[in-house]
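**Q**
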Amino acid sequence: MTMIRTEKINKSFGGLHVLRDISVSVEQGEVICIIGPSGGGKSTFLRSLNQLEKIDSGKIFVEEQLLLHRDKHTTVRRADKETYQRLLLEMGMVFQQFNLFGHKTVLENVTLAPMRVKKMTKAQAEEIGYALLDKVGLREKANEYPAKLSGGQQQRVAIARALAMEPKTMLFDEPTSALDPELVGDVLSVMKQLAEEGMTMLVVTHEMGFAREAADRVLFMADGMIAEQGPPEALFTNPQNERTRQFLTSIL
Amino acid sequence: MVWYLQLWATIYEGLEKIWVWTPALLSSTVVTLELTIASVTTALVLGVFLALGKISRNRVVKSVTSAYVFFFRGTPLMMQLFFVYYAFPRMLMELVNNTVALQTGGSWAWLGTFFIEGPLSMENRFFAAYLAFSLNIAAYLAEIIRAAIQSIPKGQMEAAKSLGLSYHQGMALIVLPQSYRRMIPPVCNEFVMVLKDTSLVSTISLMDLTFQTSMIATNQVSTLVYLPAMVIYLIMSAALTILFNGLEKKLSKYD
C-alpha cells in the first residue's frame, strides 16, 4: 500500500518559494531519507504532510485516501473531519528539538495522547507506555522529568511518545541535529530497530551513515525541488545531478 | 534627664493611641483584604480568557479583547471606579426607562429600578469597587498571561497537534500549565500593586484601611495613625510575596 503520496505540492513563505511541485510516494515499509542543504525545503515538506504547515497548492493522500487538496491558497477538498483526524494520526512525528512536555514525567509524556485522544484508561496507556519505554531502553526513567534527561534520552522518549499513538508512518525531522555527537548513536540505533521492524519512515537527516545503512531510497532536495532520488548506494557513489555532487563533496 | 523622660512619655502616649485605634484599623483592613482577594481572583479568570482572546486567530475575538485591554489600561482607574459607581447604574436605568419600559407601558420599570437599587446601588460601595477593580486588573493580567503563554516554545503546541490533540487540549494541557510558573513573578507584582491601589476606594467613601486611617487622622487630629496603617499594608504585601515565592518553588519541581 502507498502510505503517503503527494501530488505537486507547493508552499511559499512570503516571497520564498520553499516547495515546488513536490510529488513523492512512500510505500509501506519503505525507509526514505531526505538529504540536502539547509533551506532546501526538507523540513517544510515533512511538516506539510502532517499539517503543521499548510500547503498553498497540491494534493496529499494518506493510505490512498485524499487528506487535502488545495489550490491557490484555498482548500478545494479535504477528508471529512473523522477521516482527516484518523489519517493525520497515521503519521507520528519526531522533532529536532524533541519538544517533550516539560511539566510531565517521561511516562506521562508517552501516555498523555493515548488517554486524551484515544480515550484509553490510565492502566491501558501505562502498559503501552512502559512497553515503549522498554523498547527505547528508558523504562527506569519513567518517573523523571524531561529536564533531567540527556538530549539523546529525551529524543528516545519523544520517539516512544510518537509510537504510543500507533502510527503507520513515522516522520523524523532532523532527529539527531540537536544532539551531542556521542549521543547520536543511541537515537539512530532505535531508529534502525524501527526500520527493521518494518515501520514506514521518512527521515530528514544529515547523518549520511544512517542514510546509507538504513534507507531504501534517498531523496536529495534543494531549492524546493527533489533534484535527485535513488537507492543510497547509487546516489552516494554515483550522483547524476550537479547539485547533489556539490552537496556530497561538501559534507563528506 | 528631663528630655529623656519626656521622650518615653511621648512614645508611651503614642503607643496607647495606636492600641485604641487598632480595632478600627483591623476591621477596615478586612475590607481592603476582601476587596483585593475578590478582585484579583475574578480578574485572574477574566484575564486568562482575555489573553486567549488576544492570541486567538479569530479576528472578531482578537479585536474585541484587544479593545477591552486598550480601554482599561488607557484610562485612569479612579475614573473607571467613578464611572461604575456614579454613572453606570444611572445610565442603564435611563436607558431602560426611556426605551423598553416606555414601550411596554412600565411593565419593565422594575429593571430600571434594579439598576439603581440592586447590587449597583449607591449604598453598595463594595460591589462597585469590586466590579471596577476586577475589570481593570483583568486587563493588566491579560497582558502578563499573554506574554507568559507566548514565551512557551511553539514546538510544544506542534508536538501536541502531531499527537492528535486539538488546539484547546494543547492549550489547556500543555501550554497553559507550563506558562503558570513564568507568570508568577509579574502576577505577584500586580497583586501587590492592587493591594495598594485599593486605597483609591476611599474616594467613594468605602471604609477601607486608607479611608479609616484618614478619618482617624482628621477626627482625632493625630497624624500618628499613618504609621500603624502603613505597617499593616507592609505586612500584607510581605505575606503576598512570601505566598507567591512558595508557589513558584512548588511549580518549579520539574526543572
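Sequence lines, in order, name chains W and C.
Every letter in the first sequence is one number past the one before it in the working numbering, and letter 23, counting from 1, is 9.
Every letter in the second sequence is one number past the one before it in the working numbering, and letter 56, counting from 1, is 426.
For every residue, glycine included, the Cβ atom is placed at its ideal position computed from N, Cα and C.
1) Compare the C-alpha of W:Gly25 against each of W:Ala99, W:Met211 and W:Leu38 and name the closest.
2) Please report whether the beta-carbon of C:Ala529 lies at a distance below 8 angstroms from any beta-carbon of chain W.
3) Taking the runs of the beta strand (DSSP E) that are 3 residues or longer, which of them lie wholly in the region 20 to 72 of chain W?
4) Look up W:Ala216 in the DSSP assignment and say whether it is helix, strand or coil.
5) If you measure from the beta carbon of W:Phe158 to each beta carbon in chain C, is any gap under 8 angstroms?
6) Taking 8 angstroms as the CB-CB cut-off, is W:Tyr131 touching chain C?
7) Would you kindly report the start and end of the unbroken alpha helix (DSSP H) that includes C:Val562?
8) Which residues bound the beta strand (DSSP E) around W:Ser(-2)?
9) Taking C-beta pairs closer than 7 angstroms, name the residues in chain W that C:Gly423 reaches, listed in chain order.
10) Where do the ends of the beta strand (DSSP E) carrying W:Ala203 lie?
11) What is the residue span of the beta strand (DSSP E) that W:Asp7 lies within?
12) Can you pull out the residues from the region 535 to 559 of chain C whose beta carbon lies closer than 8 angstroms to at least one beta carbon of chain W?
13) Consult DSSP for C:Ile612 and reduce its assignment to one of helix, strand or coil.
14) In chain order, what residues of the same chain have a beta carbon less than 6 angstroms from the beta carbon of W:Val92, not counting five sequence neighbours either side?
15) Can you pull the chain C residues whose beta carbon is under 7 angstroms from the beta carbon of W:Met99, in chain order?
16) Taking the alpha-carbon positions, what's the C:Pro555 to C:Phe614 distance?
17) Alpha helix (DSSP H) containing W:Val173: first to last residue?
18) Just verifying my parser: in three-state terms, what is the DSSP assignment at W:Thr186?
19) Is there at least one Cβ from chain D nearer than 8 angstroms to W:Phe(-1)'s Cβ?
20) Give a yes or no on whether the C-beta atoms belonging to C:Asp578 and C:Ser592 are separated by under 8 angstroms.
21) Note down, in chain order, all residues in the region 505 to 529 of chain C with a beta-carbon under 7 angstroms from any beta-carbon belonging to chain W.
22) Alpha carbon to alpha carbon, how far is C:Leu565 from W:Leu188? Give it in angstroms, no decimals.
23) Taking the straight line between their C-alpha atoms, what separation do you get for C:Leu403 and W:Leu75?
24) Can you tell me whether DSSP reads W:Ile266 as helix, strand or coil?
25) For W:Ile41 versus W:Lys(-3), is the C-beta spacing smaller than 8 angstroms?
26) What residue range does the beta strand (DSSP E) around W:Val92 cover?
27) Would you decide whether W:Arg33 is buried or exposed? Buried here means 16 or more other CB atoms lie within 10 Å of its CB.
28) Please tell me whether C:Leu501 and C:Val454 are closer than 8 angstroms, where the distance is taken between their beta carbons.
29) Taking the alpha-carbon positions, what's the W:Glu183 to C:Gly540 distance?
30) Hey, is C:Asp567's beta-carbon within less than 8 angstroms of any beta-carbon in chain W?
31) Rounded to whole angstroms, what is the Cα-Cα separation between C:Ser426 and C:Lys432?
32) Taking the straight line between their C-alpha atoms, what separation do you get for C:Phe442 and C:Pro523?
33) By Cβ distance, which residues of its chain are closer than 7 angstroms to W:Pro100, with the 5 residues on each side in sequence left out?
34) Quick one: list the residues of chain C neighbouring W:Gly88, beta-carbon separation under 7 angstroms, in chain order.
35) When the distance is taken between beta carbons, is W:Ile20 closer than 8 angstroms to W:Val190?
36) Determine which residues of the region 104 to 121 of chain W have a Cβ less than 7 angstroms from any Cβ of chain C, and write them out in chain order.
**A** The answer reads as follows:
1) Mapped onto the first sequence, residue 25 of chain W falls at position 39. Of the listed residues, the one whose Cα sits closest to W:Gly25 is W:Met211.
2) Along the second sequence, one-based indexing puts residue 529 of chain C at 159. For C:Ala529, the answer is yes, since a Cβ of chain W falls inside 8 angstroms of its Cβ.
3) 43 to 48, 51 to 57 and 60 to 64
4) Taking the first sequence and counting its residues from 1, one reaches residue 216 of chain W at position 230. For clarity, residue 216 of chain W is Gly in the given sequence; the question names Ala instead. If DSSP states are grouped into helix, strand and coil, W:Gly216 belongs with the strands.
5) Within the first sequence, the letter at position 172 stands for residue 158 of chain W. It does not: the Cβ of W:Phe158 has no partner Cβ on chain C nearer than 8 angstroms.
6) Indexing the first sequence from 1 puts residue 131 of chain W at position 145. Yes, W:Tyr131 counts as interfacial toward chain C.
7) Locating residue 562 of chain C in the second sequence gives position 192, counting from the first residue. Where C:Val562 is concerned, the enclosing alpha helix (DSSP H) stretches over Leu546 to Asp567.
8) Position 12 of the first sequence, counted from the first residue, corresponds to residue -2 of chain W. Per DSSP, the continuous beta strand (DSSP E) segment holding W:Ser(-2) begins and ends at Thr(-12) to Phe(-1).
9) Locating residue 423 of chain C in the second sequence gives position 53, where the first residue counts as 1. Per Cβ cutoff of 7 angstroms: no residues; C:Gly423 is ~23 angstroms from chain W at best.
10) By 1-based counting over the first sequence, the position of residue 203 of chain W is 217. According to the sequence as given, residue 203 of chain W is Arg; it is not Ala. Element bounds for W:Arg203: Arg203 to Ala208.
11) As a first step, residue 7 of chain W is located in the first sequence; it is residue number 21 there, counting from the start. Taken as a continuous stretch (DSSP letters only), the beta strand (DSSP E) holding W:Asp7 covers Leu2 to Glu13.
12) Leu535, Gln539, Leu543, Ile544, Pro547 and Gln548
13) Counted from its first residue, the second sequence places residue 612 of chain C at position 242. Three-state DSSP puts C:Ile612 in a helix.
14) Within the first sequence, the letter at position 106 stands for residue 92 of chain W. Excluding positions up to five away in sequence, the list reads Lys127, Ala128, Glu130 and Val143.
15) On the first sequence, residue 99 of chain W is found 113 positions in, with the first residue counted as 1. Met is not the amino acid found at residue 99 of chain W; the sequence shown has Ala there. Under the 7 angstroms cutoff, chain C gives Leu533, Gly534 and Leu535.
16) As a position in the second sequence, residue 555 of chain C is number 185, starting the count at 1. As a position in the second sequence, residue 614 of chain C is number 244, starting the count at 1. Rounded to the nearest angstrom, the two C-alpha atoms are 8 angstroms apart.
17) One-based indexing of the first sequence puts residue 173 of chain W at position 187. Per DSSP, W:Val173 belongs to the alpha helix (DSSP H) from Pro167 to Glu182.
18) The sequence position of residue 186 of chain W within the first sequence is 200, counting from 1. Strand, per DSSP.
19) Protein chains in the displayed structure are W and C, and chain D is not among them.
20) By 1-based counting over the second sequence, the position of residue 578 of chain C is 208. By 1-based counting over the second sequence, the position of residue 592 of chain C is 222. No, the pair does not count as a contact, with Cβ atoms beyond the cut-off.
21) Listed in sequence order: Gly525, Gln526, Glu528 and Ala529.
22) Within the first sequence, the letter at position 202 stands for residue 188 of chain W. Within the second sequence, the letter at position 195 stands for residue 565 of chain C. Looking at the two C-alpha atoms, the distance is approximately 57 angstroms.
23) Locating residue 403 of chain C in the second sequence gives position 33, where the first residue counts as 1. Locating residue 75 of chain W in the first sequence gives position 89, where the first residue counts as 1. Roughly 51 angstroms separates the two Cα atoms.
24) Only positions -13 to 238 of chain W appear in this structure, which leaves residue 266 of chain W out of reach.
25) Reading the first sequence from its first residue, position 55 is the one you call residue 41 of chain W. Reading the first sequence from its first residue, position 11 is the one you call residue -3 of chain W. Yes, Cβ-Cβ distance for W:Ile41 and W:Lys(-3) is below 8 angstroms.
26) In the first sequence, residue 92 of chain W corresponds to position 106, counting from 1. No beta strand (DSSP E) contains W:Val92, which is instead part of the alpha helix (DSSP H) from Val92 to Arg102.
27) Indexing the first sequence from 1 puts residue 33 of chain W at position 47. In summary, W:Arg33 is buried, with 16 or more beta-carbon neighbours lying within 10 Å of its beta-carbon over all protein chains present.
28) Counted from its first residue, the second sequence places residue 501 of chain C at position 131. Counted from its first residue, the second sequence places residue 454 of chain C at position 84. Against a cut-off of 8 angstroms, the Cβ pair of C:Val454 and C:Leu501 comes out as a contact.
29) Looking up residue 183 of chain W in the first sequence gives position 197. Looking up residue 540 of chain C in the second sequence gives position 170. Approximately 31 angstroms, taken between the alpha carbons.
30) The residue given as residue 567 of chain C occupies position 197 in the second sequence. Chain W has no Cβ within less than 8 angstroms of the Cβ of C:Asp567.
31) Residue numbering aside, residue 426 of chain C sits at position 56 when the second sequence is read from its first letter. Residue numbering aside, residue 432 of chain C sits at position 62 when the second sequence is read from its first letter. Cα to Cα, the separation comes out at about 6 angstroms.
32) Stepping through the second sequence from its first residue, residue 442 of chain C is reached at position 72. Stepping through the second sequence from its first residue, residue 523 of chain C is reached at position 153. A direct Cα-to-Cα measurement between C:Phe442 and C:Pro523 gives close to 29 angstroms.
33) What you label residue 100 of chain W is simply residue 114 of the first sequence in a count that begins at 1. The answer, listed in chain order, is Met106, Ala111, Ile114, Ala150 and Met151.
34) By one-based count along the first sequence, residue 88 of chain W stands at place 102. What W:Gly88 touches in chain C: Gln548 and Tyr624.
35) Residue numbering aside, residue 190 of chain W sits at position 204 when the first sequence is read from its first letter. Residue numbering aside, residue 20 of chain W sits at position 34 when the first sequence is read from its first letter. The answer is yes: Cβ separation under 8 angstroms.
36) Interface annotation for the region 104 to 121 of chain W against chain C: empty, criterion Cβ-Cβ distance under 7 angstroms.
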